[in-house]
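Protein chains in written order, with the numbering used here: chain A, 995 to 1253; chain G, 995 to 1253.
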């Protein structure tokens, strides 16, 4: 696959691609999407600023504008994600292939960093990413680590987990630390009970993990956090991507590296 | 000096310390302060999010609250800076030792990363910081590098400059990259004309540089940018610290390192 990000987005826009985006436009940043109305945008942005590990903001559109100017100036947020979820008062009410019928002039779209970027860095460094090896979804857990609240937004951090040998865990800390805007280094490793995870084999989202002998669970702050927290706060309307159906950016993962 | 940050802030609050804060509470983060009214806070936060190199936000208070909960939960932003500047419609109208007489219930205070933190890292790494050696203020220049606008806020980036040998410049890139929330790695090095600096010996702020043979100018995004940009947009009221009279945080510089 050597299509550019713009070419992939065009196929998504035309409905030719209607599938999870993992593996498309390799090397390009893929992002979580969250759309709220302008009156809630400050609280949402402030929540993200106070919780940069789970909620690293990559771009914020101007109210009513569908253009993410920093990450993909030629894109249209209303058409360029394969599938959207609409939530009303915290409850999912609809799925759409584009936002033509629901777009509002007071919508503000947030693009939020996604673990795809640091997993690419891990794979490039020769580190195993188990759920990719096993063709499963990453396991995610609602922890007891509180986020710092902001306005109406509050809740606990969701973490994704990747099992690693202690030596690989140490290397993964270094490799992922280069990318603070896509969750960066892990937030915890070791005994799951200490962060409120009762049964590592029963994740709250995604598929159960495959943990091999001698491996420890390593937890990263997860981009599901802002959606979960926003859902808990029950805004009148909020729109997100469907999990796995991400927004593909012009920027490259390596553009986000701080060193 | 082995006072804690809280002890230093207490002396500032009581008026016992009324001087530039460089060198106080070594190892603790010192921060730029910018206070705007709630109606402008979203645009200001968005401007910062879009321009994280010059405007790295460390903390944002809730509207009307004087408590920076993340960086110094016991502090009071109204009393704990030695000297404040008040700007009205972009013009400086007053200096105060505390904000008792001017505090408003709709004020939102932003703490913004300061180069003191990465200069400490440079000194710890054995790198020369010329303006400190020479007991001068760092030279700062208004460049032709445009910031990404947000709402009413727009303008060019202000950069601080430190002259270094090429070998030291390379090392300084690595040392300061560890601290993206206090401006991080440089934004430019070499010919000043390429970023719109006509005369390196005539900075727009601070003192003229001392550049030795074989040294090149190395430019970092500067925390004066958000103030300069905010001033250009002429908000009805805005309050800042007096340059050099910074807010001292409980957190340590090393708390901000990403690796």
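Virtual Cβ for every residue (Gly too), placed ideally from N, Cα, C.
Give the secondary structure of residue 1118/G by DSSP, where H, G and I count as helix, E and B as strand, and everything else as coil.
helix
Residues of chain A with CB closer than 7 Å to the CB of residue 1040/G, please, in chain order.
1039, 1054
What is the residue span of the beta strand (DSSP E) that residue 1089/A lies within?
1085-1090
Just the C-alpha distance for residue 995/A and residue 1096/A, rounded to the nearest angstrom, thanks.
Reliability fails at residue 995/A, whose pLDDT of 42 lies under 50, so the model's placement of it is uncertain and the value that follows must be treated cautiously. Taking the straight line from one Cα to the other gives about 33 Å.
Chain-order list of residues whose beta-carbon lies under 6 Å from that of residue 1233/A (same chain, five-residue window excluded):
1029, 1078, 1080
CB-CB length for residue 1045/G against residue 1106/G, believed under 8 Å:
With 8 Å as the limit, residue 1045/G and residue 1106/G do not qualify as a contact, their Cβ atoms being about 11 Å apart.
Assuming residue 1109/G and residue 1177/G form a contact by the criterion Cβ under 8 Å, report the distance between their Cβ atoms to the nearest whole angstrom.
6 Å
Helix, strand or coil: how does DSSP classify residue 1154/A here?
strand
Euclidean distance between Cα positions of residue 1051/A and residue 1061/A
15 Å
Since residue 1149/G meets chain A, which of its residues come closer than 7 Å, beta carbon to beta carbon?
None at all; the shortest Cβ gap to chain A is about 17 Å.
For a contact defined as C-beta to C-beta under 9 Å, what are the partners of residue 1043/A on chain G?
Within chain G, the residues 1039, 1042, 1043, 1051, 1053, 1054 have their CB atoms less than 9 Å from the CB of residue 1043/A, given in chain order.
Assigned exposure category for residue 1149/G - 16 Cβ within 10 Å defines buried:
Under the 10 Å beta carbon count, residue 1149/G is surrounded by 16 or more other beta carbons and is classified as buried.
Give the residues of chain G in contact with residue 1036/A, contact being defined as C-beta atoms less than 8 Å apart.
1035, 1036, 1039
Rounded to whole angstroms, how far is the Cβ of residue 1065/G from the Cβ of residue 1216/G, which I believe are closer than 8 Å?
About 20 Å; that fails the 8 Å criterion.
Contact set between the region 1170-1189 of chain A and chain C, restricted to residues whose Cβ is under 8 Å from the partner:
Among the chains of the structure shown, chain C does not appear; the protein chains present are A and G.
What three-state label does DSSP hand residue 1082/A in the structure shown?
strand
Report back the beta-carbon spacing between residue 1023/A and residue 1247/A to the nearest angstrom; my notes put them in contact at under 8 Å.
6 Å
Would you kindly work out how many angstroms separate the C-alpha atoms of residue 1267/A and residue 1219/A, rounded to a whole number?
In the structure as shown, chain A begins at 995 and stops at 1253. Residue 1267/A is therefore absent and cannot be evaluated.
Any Cβ of chain A within less than 7 Å of the Cβ of residue 995/G?
Bear in mind that a pLDDT of 42 at residue 995/G, under 50, signals an unreliable position, so the number given afterwards is only what the model happens to contain. No - not a single Cβ of chain A is within 7 Å of the one on residue 995/G.
At a Cβ threshold of 7 Å, is residue 1253/A touching chain G?
yes
Pull out every residue of the region 1128-1147 of chain A whose Cβ sits closer than 7 Å to any Cβ of chain G, in chain order.
1142
Given that residue 1168/A touches chain G, what residues does it touch there, using C-beta distances under 9 Å?
Those within 9 Å of residue 1168/A in chain G are 1253.
Applying the criterion that 16 or more other CB atoms from any shown protein chain within 10 Å of the CB defines a buried residue, is residue 1200/A buried or exposed?
buried
Taking the beta strand (DSSP E) that residue 1244/G belongs to, which residues open and close that run?
Membership of residue 1244/G in the beta strand (DSSP E) is indicated by the continuous run 1241-1246.
Determine the direct distance from the alpha carbon of residue 1019/G to that of residue 999/G, and round the result to whole angstroms.
6 Å
Taking the straight line between their C-alpha atoms, what separation do you get for residue 1211/A and residue 1186/A?
Each residue's Cα considered, the two are about 7 Å apart.
Under the assumption that residue 1227/G contacts residue 1147/G (Cβ atoms under 8 Å), give the Cβ distance between them as a whole number of angstroms.
5 Å
Is residue 1134/A helix, strand or coil when you go by DSSP?
strand
Anything in the region 1055-1087 of chain A with a Cβ closer than 9 Å to a Cβ of chain G? List those residues in chain order, please.
1056, 1063, 1064
So what does DSSP say about residue 1069/A, is it helix, strand or coil?
coil
Using 10 angstroms around the beta-carbon of residue 1087/A, count the other beta-carbons present and answer buried if the total reaches 16, otherwise exposed.
Counting the other CB atoms within 10 Å of its CB gives residue 1087/A a total below 16, which places it among the exposed residues.
May I ask you to report which of helix, strand or coil DSSP gives residue 995/A?
With a pLDDT of 42 at residue 995/A, under the threshold of 50, the modelled position of this residue cannot be trusted; read the value that follows with caution. Secondary structure of residue 995/A (DSSP, three-state): coil.
Which same chain residues end up closer than 7 Å to residue 1099/G when comparing Cβ atoms and leaving out the 5 residues on each side of it in sequence?
1058
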